[in-house]
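Worksheet for the structure shown next.
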Amino acid sequence: MSSIRNELVSDAINKAYLLKGYDKNEEEQYESVKQTILNDESFSHDEKLEAINIISKNFDGFKILDNEGTFFKMDILK
Numbered sequence: 001m002s003s004i005r006n007e008l009v010s011d012a013i014n015k016a017y018l019l020k021g022y023d024k025n026e027e028e029q030y031e032s033v034k035q036t037i038l039n040d041e042s043f044s045h046d047e048k049l050e051a052i053n054i055i056s057k058n059f060d061g062f063k064i065l066d067n068e069g070t071f072f073k074m075d076i077l078k
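Structure (structure tokens):
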């Protein structure tokens, strides 16, 4: 297993966000940042996975803060 260069991954995520801008909605921005990371050939497979995990967690956190997404109503069984 290759070692993950955390600082380089963090820099790539920041660069991808800056390149894509904030004028899109969050889902479009997430997909474009994800594609930017996947298209970067300087990263190993593990580093790409780590970067995508980070941006996915960020995206999920933003959805929670903005109160967006799919809601499920769970019935309590008695």
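Position 51 of the sequence shown, counted from 1, bears residue number 51 in full-length UniProt numbering, the numbering being contiguous throughout.
The C-beta atom is built at its ideal place from N, Cα and C for all residues, glycine as well.
Return the first residue and the last residue of the alpha helix (DSSP H) that residue 85 is part of.
The requested residue 85 does not occur in the structure, where the chain is confined to residues 1 to 78.
Opening and closing residue of the alpha helix (DSSP H) in which Ser32 lies
26-39
Please report the distance separating the alpha-carbon of Glu7 from that of Ile55.
15 angstroms
Ile13: first and last residue of the uninterrupted alpha helix (DSSP H) it sits in
6-20
Within a Cβ cutoff of 7 angstroms, which residues of the same chain sit near Tyr17, ignoring the five residues on either side of it in sequence?
Val33
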